[in-house]
Amino acid sequence: MVKMETAELETDLSLFKYDNLEQLPPRYRDLEAEERTERIEAALEELGDDVVILGHNYQRREIVEHADFVGDSYQLSKEAAEADAEYVIFGGVTFMAESADIITDDDQTVILPSMEASCPMAGMAEALQVDSAWAEITAAAPDADIIPITYMNSYADLKAFCASQGGLVCTSSNAHKAFEYAFEKGDKVLFLPDKHLGENTAHRLDMEDEIVQWDPWDPEGKDADEVAESDIILWDGYCQVHERFQVEHIEAIRDEHPDVNVVVHPECRREVVEAADVVGSTATICETVENADPGEKWAIGTEIHLTNHLQRWHPEVEVLPLCGDACMDCNAMRQIDPNYLTWVLEELVEGRERNVIEVAPEEKELAEVALDRMLEI
Ligand code: 13P
Ligand code: SF4
160 MVKMETAELE TDLSLFKYDN LEQLPPRYRD LEAEERTERI EAALEELGDD VVILGHNYQR
220 REIVEHADFV GDSYQLSKEA AEADAEYVIF GGVTFMAESA DIITDDDQTV ILPSMEASCP
280 MAGMAEALQV DSAWAEITAA APDADIIPIT YMNSYADLKA FCASQGGLVC TSSNAHKAFE
340 YAFEKGDKVL FLPDKHLGEN TAHRLDMEDE IVQWDPWDPE GKDADEVAES DIILWDGYCQ
400 VHERFQVEHI EAIRDEHPDV NVVVHPECRR EVVEAADVVG STATICETVE NADPGEKWAI
460 GTEIHLTNHL QRWHPEVEVL PLCGDACMDC NAMRQIDPNY LTWVLEELVE GRERNVIEVA
520 PEEKELAEVA LDRMLEI
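Residues 160 to 536 (my numbering) are what the sequence shown spells out, left to right.
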């Protein structure tokens with residue numbers, strides 16, 4: 160077990176949610192790939208069972224190949240809950256590392272190698288903003304019991320807010336179950352922040368006619384009468400990576416490859432999901448390709464790193480990016496750079512903790528309730 164002391168590095172970023180997070184020291188900026196791999200492996204050898212690395216499916220190859228576990232948001236939260244290592248290094252984005260900190264024991268420390276790995280969609284529903292919208296929404300439907308559900312892609316304070324109002328968290332793999340849970344307890348659902356996942360889930364439950372959208376940035380985008388009449392209120396957030404996919408991409412790839420199958424993530428627009436053959440979380444996308452027969456063709460509508468991993472992991476299947484060169488990588492996920500991984504591991508070997516994600520105690524307890532409700536459904 161390593162003995163810890165914390166040393167400060169200079170950082171000029173004050174806007175970031177965690178002001179203890181530090182930038183990469185210059186000596187780590189230009190490491191050669193081979194040397195870096197050797198150093199990561201040496202540090203991991205030294206740290207042994209003290210460290211576990213969790214990697215989201217969208218992480219770069221150089222992170223995924225060092226991860227003890229690679230998976231979707233739901234699987235990673237379960238892995239974090241079961242991990243008994245002293246340090247959980249999270250290859251993912253801030254909200255995922257926050258969830259890991261909430262779920263793990265108090266004597267475990269969660270490290271997010273790069274401080275800039277923040278999901279823009281999570282930033283589209285800030286707890287303060289939701290709190291004031293909540294007052295307007297509940298006033299519009301005073302007799303209704305509204306249950307807020309937040310997608311995992313949100314910050315801990317919003318998860319805590321949802322728990323305080325009887326709500327919970329969901330991921331892309333269990334959103335339909337969270338809606339069912341909410342409708343057993345109440346009359347209406349407020350779903351945040353991803354309107355596309357919300358719409359796709361409503362469709363899955365045959366409740367598409369029950370939707371109203373709530374645009375917190377547009378005074379015209381909120382209609383109290385419609386809120387009173389609708390069972391599902393969708394916050395107007397979205398993922399800019401998944402919103403990019405269009406039905407035309409599916410049509411074009413089917414024209415070019417008549418035998419292609421299409422699998423997309425439920426953060427894609429409703430019409431894209433409708434046109435695809437299969438929809439599901441990143442774990443479902445992985446399973447779909449894993450279970451494909453040799454020679455089958457699959458076009459993947461999600462973040463490009465996962466498509467590239469699938470091409471590599473399953474050379475017997477023809478894996479194609481759904482929108483060719485226009486397919487985007489997630490800028491937030493890309494911030495977890497192998498140089499940062501080398502740095503945080505070598506610092507741990509020296510007894511120093513870097514880029515620790517520690518959710519404020521007042522948020523932690525309630526956010527845990529929201530996550531526990533999800534893990535139970
Ligand atoms: P999954 O829950 O499917 O892993 O997706 C997380 C995510 O951020 C998708 O953009
Ligand atoms: Fe956020 Fe989209 Fe990136 Fe997922 S792919 S982490 S939702 S920006």
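Don't be surprised by glycine CBs; every beta carbon is placed ideally from N, CA and C. All values derive from a computational prediction rather than experimental measurement.
- request: Indicate, with yes or no, if ligand 1 has a heavy atom lying under 7 Å from the CB of residue 278.
  value: yes
- request: Taking residue 411 and residue 423 to be in contact with their CB atoms under 8 Å, please state how far apart those CB atoms are, rounded to whole angstroms.
  value: Their Cβ separation, rounded to whole angstroms, is 14 Å, which puts residue 411 and residue 423 out of contact at 8 Å.
- prompt: What residues does ligand 1 have around it, judged by CB closer than 5 Å to any heavy atom, in chain order?
  reply: 231, 232, 330, 331, 440, 441
query: Are residue 226 and residue 250 closer than 8 Å when you measure CB to CB?
result: yes
message: Out of 210, 460, 387, 347, which one is the CA nearest neighbour of residue 406?
response: 460
query: Would you call the segment 223 to 242 and the segment 283 to 293 touching, i.e. three or more CB-CB distances under 8 Å?
result: no
Member of 177, 441, 181 whose CA lies at the smallest distance from the CA of residue 513: 181
Coarse secondary structure for residue 215, derived from DSSP in three states: strand
task: Tell whether a beta-carbon distance below 8 Å holds between residue 347 and residue 395.
output: no
task: From the DSSP output, read off the bridge partner residues of residue 228.
output: 213
query: Hey, is the segment 413 to 427 in contact with the segment 453 to 472, meaning 3+ C-beta pairs nearer than 8 Å?
result: yes
field: Boundaries (first-last residue) of the beta strand (DSSP E) holding residue 268
entry: 268 to 270
query: Counting pairs of Cβ atoms below 8 Å between the segment 323 to 332 and the segment 297 to 309, do you hit three or more?
result: yes
query: What are the boundary residues of the beta strand (DSSP E) that includes residue 460?
result: 456 to 460
- request: Report the three-state DSSP secondary structure of residue 420 (helix, strand or coil).
  value: strand
message: Spatial neighbours of residue 373 within its chain, please: C-beta separation below 6 Å, excluding the five flanking residues on both sides.
response: 381, 392, 394
query: Mind checking whether the beta-carbon of residue 494 lies closer than 7 Å to any heavy atom of ligand 2?
result: no
message: Quick check on DSSP: helix, strand or coil for residue 100?
response: Since the displayed the chain opens at 160 and closes at 536, residue 100 lies outside it and no answer follows.
- request: Pick helix, strand or coil for residue 371, following the three-state DSSP scheme.
  value: strand
field: Length at least 4, wholly inside the segment 276 to 353: the alpha helix (DSSP H) runs in chain order
entry: 286 to 299, 315 to 323, 334 to 344
message: Suppose the cutoff is 8 Å on Cβ atoms and the five residues either side in sequence are ignored; what does the same chain contact list for residue 166 look like?
response: Confidence in residue 166 is poor, its pLDDT being 36 and thus under 50, which makes the residue's placement unreliable; the coordinate value appears in the next sentence. Hits under 8 Å: 511.
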